[in-house]
Amino acid sequence: MLFKYLPDIVFLSETWLHSSDSPSFSGYSIIRLDRQDLNRGGGVLFLLRSGLTSTSYSLNKYRNGIMEVIGCRVFVDGAWICILGIYNPVGQISEVELDYYFNQVNGNLLIIGDFNAKHNSWSRGSANGAGRSLFNFILQSPTICLLTPPYLPTHYCQGSGIHTTIDLCLGSNIFLPITSTQVLPDSGSDHLPIMVAISMSPSYSASKSTPRWIIKDKSSLRKFQNDIVLNVDGLQSCDDLVTNLQTTFNLTASDHFRKSRGISKSNFSKPWWSPECSKAVAQRRRAKHLLSRSPNDENLFAYKRCTAVARHTIKSAKRLSWHTYCGTINSMTSTSQVWQRFNSVRGQQKQRTFPIIVNNAPLLTSDEKASHLGLYFDGLFNIPIRPLPCIFELDVIKNAIHGPIVHTGIDGELTSQELSNVLASLPMKKAPGWDAIPYEFMTSPPEKLFKYILKTFNECWAQGTFPNSLKKAVILPILKPNKDPSLSTSYRPISLLPTIGKVFEKVIYNRLYSFVERKNLINRFQSGFRRKHSVLDQHLRLEHVIREALVSQNVVFVVYLDLKAAFDSVLHHKLLFKMASIGIGGRLLRMIQSFLTSRTFQTYVNGSYSKTYKTATGVPQGSILSPLLFLIILSSIPGFDLVKATMYADDIALFICAPNMTLAKQQMQNALNILSVWAADWGFHINPQKCSFQYYTRKRKFTVPTLAFNNVPIPTVKVQKFLGLLLDSPLLKWDAHIDYLKKECFKRLNILKALTSTSWGCSRKTLLLFYVSFVRSKLDFGCQVYGSASKTTLDKLEIFQNSAIRTIIGALKSTPIVSLRCELAIPSIYQRRKFLIISTYLKLLRLPDTHPLVDEVFQTLSHSLNLAWRDVHQATFIVRAHVAIQHCFGHLYSLPRYPLPLVSPVSPWKEPISVYLDLILPVSKSNSSQLLCQTFMSTLEVRFSNYIQIYTDGSRIVDGEDISSVSAAIYVPSISCNDSWLLPSDFSVLSAELFGILMALTYIEGGVPGNFVICVDSLSALHGVKNSSPKNFTELIYPILILISSLQDNGFQIALQWTPGHCGIISNEKVDGYAKSAHSLQNVTIFPTPYADQLSFLKRQLQKDEISEWNLICDETHLGLIKDKWVKLPWGALPNRRAEVVFARLRLGHSRLKGHLFKLGLIESPLCMICGVTETVSHVIMNCPCHRDMRKTLKLSLKELGVTEFTLKNLLGGGNFKAAIQYSILRCLYTFLVETRLLDSI
């Protein structure tokens, strides 16, 4: 009915909503008032059509009032109309209460609702108290009249068969001649829907988005790129080159693609509606009409029966539609589709209209809204420049730009390798800027387009000019969560910049970031927007200080600072001065100066643009360079004597550990005073009222100190949210954060439960993925830190995983938790936390010495171990990690530090490494060995005719689940020279391959300059070396890159060539033999194990703990008969959710068979009705004579598959068969369960 009539406003009473309920209606926004007491029922809400110029209207509640009243305002024909929705839950209201709400409204008024008021002036029958009060109120209000026609049947009393008029509409006198009221068809309630139509024109604003190019497939994209013709005649300036590129892109695209319309429409649909629903509703309406004509007991009974049938039919249709909807989500469903459906479950809607009100008047047109928001954003982006630039600062900037170049590499010409790396990592499906050019247009460009882009960028780089057309931003207003959409301050500006400019920025960013990191020019305490840094760094630092202070009877003060509009407050001359002061000059500084100046923006609202505004301060929002530039200027924060800082972008906190309150207060106040001077000098604004102060101590008798910033006291708080964690003072028990996690995880588990049941829903694999990514990830965040909470507190979190895996499996509540975890092969939350703690410690071992965690946390291990901890599990992170490592690896396991640089040792502008991943002719694995060998030898002759060849190989011997030996070897065929090494057993084969490359380079380094080609049969190793900024195996790749760069600088020519393995290449076969023979060596070569290999080793070690726990109870559980190893069983063979649940219950032994129900005390007898034997899983599948014929068919099917032993273990997935055979066995058993009808009874 809502989507049929599409009303502007809908009022609903008796919503029965609770504060935790989040209903949503497509195309409508909600204003609601729920009943606050514990009794369910009541509640009122308005549905307002999207785009309608409206706002909520606040009303003061009448003390001890009976009515539930909600208000809204709608802009109609140039004026506001206030609408009140009223629900009277009882039969008595007072005139005073009605008059109280009426007097709160100015202007024209409309009152609608369920008054439960009977009076013979509008309704048949005798009047009640509410009717008399309402009648007197209307008589005494000269401006209010009744708009509902007399005796309009709005309510049907089933007991008496009488229609009454208790749902009324009142309004100002001006509405009387232009209002019509009618009853709509029956909707299944005893109240009939009432439609009130007023002949007035409400104000609407259309919802529009920016049109975009629609790219159908990759082939059309490639054709588009090949058809681009760039005319460069007469183009000299940077702006001309860029404008030509933008124009050519759009003109060519118009011949290949079409643009979206940019019109957003609400999707009104009822996918659950079925013919049965239509039939049931029609029968209910006929029964109601018959009852109204002939009110007798027979017709009343028929109507009630039809009403119940219709309600049941609609409910069943909705349930079936939802079950089908969830059942379509399986392992083959794309991630985007999964999250799209997940968001539909959450019921979140985007704000598509902008009902902005200024001076009590709404902005009607999109032009007005765009202009108003543009003016508001202009105030945000143009903060008064204080302090003004001084002559000294300007001179420093000028000298740095025009003076001698100190760092020649960073100012050199942009290389094709730099551009290729950026284009290869472009994010797809990102919103384009004003020029509508998406990233897809520049992915894998043809050579002519690539050269033009590189030429354009180099021309801009040489001139030190960032083109003006790339500095124009389009701002989209986004409503902040839970904010009033009528206020301009409720909107957050999101900038869209041209993608060409972002590509250029990324090239510059790579150079600048590599330079500042290698020179340690960023504040060492800063963790925001930096590789190998995270919020966890700051969590660990602060937790370490607090824990040690508490056990040492010291005091810790923490002040959390609030930088007001930090990114928008950056003064350009201060930023340039800071960059010049740290040695950045020449082209780079000139480019940054051009990048910051003359920037403009326009605000876009529903197809309209505001005028163009200029930005004079701040780093550009949405820019790739902006975060890095902000970190550079923030590195100007001064240091303090005893006070330390934690910084994550603009989230800054100061902390100090001192033996007493007096010293801590004195030092902290001095630091705040110094910071005040810094903020004034650099143009930042710190709001002391939004700052907060915490203290941590075990001292009981003390006076709470006060701290001030610019003579304004800083509030003291007990609980503070610090980078996602809730810190509770003064003892850091983590109670507040654990309670927060419980509430959040409970909400997320409800979503998981809404996606499945025991008979329908998503597949188990999808549910497990959902749990890991959406629920467990919430528990993982910061667990290395809050893991110091007490065991009792942490055990509360295990409940959520237990509940989740029980839902995923569909197991009964009686199933042991260990069996559930073994069924899914998922570790406990405790084991997961231990894994994350140790993996974080392993990362810490690789941090450079300049990282604050090294000297503040890692190097204090011996001191921390000697402290008098009551419980080491509640000690600092470094102590807990040390204990976990000893428990996991043993006391003799050595974990040496191996510091690695934060960025690649090879500068982005360096000559790229020659890595060939192909041969001169295309080949595939299906080619014969002889053809592969011939093609490879031809490749060597063409590419490396005068090169010395060196072959490398890695080898690994696996004995069961344990790796027994890893080795590597090199071989130089020209001189028949070889060497081999036995490596640590926790090395992977990829690490062995990389180690072989490193040893080959070491061999080359010991000789005279020449041309060398290293032949490697591992594509993964070559991909790692080719990537100038690898994320994994940096322990080996970084030394390789350093050696290659050094050799090239000394006159060597180095190339790496992929070699097809095991295809008869003699030299490659020889090096493979040398690597295998190295397993017999006695001495292991000492080399740090890569982090990725240590993680794999760590997972195996922790899995052994799970296996040990499982082995203790394995023989006592039914699952132990099926599954004797901690591994995942084949789930993919099962056709539906019900089958997954039944097979899991069969393996777990906890089912709805009589044998198990009897143990639980739910039935009186465990015996099978057919044969009198206890009804168990083994009995119904293996022995029950009732299923003899179907069992014979099952055995014949298994015999055809080669399964000779008819056992539960083989049938339920625990047999030693290949995956394909396992799947076939499960399908056969599934057919047996269907035919025996056991599938619905287990």
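Per UniProt numbering, the very first residue in the sequence shown carries number 1; after that it's consecutive.
Glycine included, C-beta positions come from ideal geometry on N, C-alpha and C.
Can you find the residues in the same chain that come closer than 8 Å, C-beta to C-beta, to residue i, ignoring five residues on each side of it along the sequence?
i: Q283; result: C306, V309 and A310
i: K701; result: none
i: I1040; result: L994, I997, L998, L1001 and V1025
i: T807; result: L749, L752, K753, T756 and L767
i: L1157; result: I1163 and P1166
Under the three-state reduction of DSSP, which class applies to residue i: helix, strand or coil?
i: Q463; result: helix
i: D1093; result: helix
i: M937; result: helix
i: G85; result: strand
i: Y204; result: strand
i: D167; result: strand
i: N108; result: strand
i: I624; result: coil
i: Y898; result: coil
i: L426; result: coil
i: C1114; result: helix
i: W981; result: strand
i: C1015; result: strand
i: residue 1297; result: The structure shown does not extend to residue 1297, since the chain spans only 1 to 1242, so no value can be given for it.
i: S219; result: helix
i: residue 1292; result: Outside the shown range of the chain, which is 1 to 1242, sits residue 1292, and nothing can be said about it.
i: R73; result: strand
i: P477; result: strand
i: S1224; result: helix
i: V1025; result: helix
i: P275; result: helix
i: A565; result: coil
Looking only at its chain, what residues have a beta carbon closer than 7 Å to the beta carbon of residue i, apart from the 5 residues adjacent to it on each side?
i: T1085; result: W981, L982 and L983
i: S366; result: S205, V605, N606, G607 and S608
For residue i versus residue j, is the C-beta spacing smaller than 9 Å?
i: L576; j: S569; result: no
i: F1232; j: T1193; result: yes
i: G43; j: W80; result: no
i: H685; j: T617; result: no
i: I112; j: G85; result: yes
i: Q602; j: W434; result: yes
i: V76; j: P202; result: yes
i: L375; j: P493; result: no
i: S610; j: A370; result: yes
Leaving out five residues before and five after residue i in sequence, what residues of the same chain have Cβ atoms less than 6 Å from its Cβ?
i: C933; result: C1063, G1064 and I1065
i: T758; result: G810 and V1141
i: T815; result: L1148 and H1150
i: I70; result: L33, V44 and G85
i: P705; result: M661 and K665
Relative to the alpha-carbon of residue i, which residue among the options has its alpha-carbon at the smallest distance?
i: N1183; options: T1207, P1166 and L176; result: T1207
i: K1070; options: L487, D953 and L768; result: D953
i: S19; options: D37, R821 and Q538; result: D37
i: residue 1245; options: S964, W909 and L917; result: In this structure the chain extends from 1 to 1242, so residue 1245 is not present and cannot be described.
i: A884; options: L917, L836, V923 and Y1074; result: L836
Looking at chain B, is there any beta carbon in it that lies within less than 9 Å of the beta carbon of residue i?
i: I166; result: The structure shown contains no chain B, having only a single protein chain.
Stretch-stretch touch, CB-based, cutoff 8 Å, three pairs: the region 357-364 with the region 1160-1173: Because the criterion of three Cβ pairs below 8 Å is not met, the region 357-364 and the region 1160-1173 do not touch.
Quick check: the region 832-848 against the region 1139-1150, are there 3 or more CB pairs under 8 Å? Output reads no: the region 1139-1150 does not touch the region 832-848.
Count the C-beta pairs between the region 625-634 and the region 642-654 that are closer than 8 Å, then say yes if the count reaches three, no if not. Remark: three or more beta-carbon pairs, one from each stretch, lie closer than 8 Å, so the region 625-634 and the region 642-654 are flagged as touching.
Three-pair Cβ contact test at 8 Å for the region 1146-1160 versus the region 845-861: Judged by Cβ distances under 8 Å, the region 1146-1160 makes no contact with the region 845-861, as fewer than three pairs qualify.
The region 469-481 touching the region 236-243, judged by at least three CB pairs closer than 8 Å: The region 469-481 makes contact with the region 236-243; the number of CB pairs closer than 8 Å reaches 3 or more.
Cβ pair count under 8 Å reaching 3, the region 377-395 against the region 514-521: With fewer than three CB-CB distances shorter than 8 Å, the region 377-395 does not count as touching the region 514-521.
Is it a yes or a no for the region 212-227 touching the region 439-455, going by three-plus beta-carbon pairs under 8 Å? Touching, yes.
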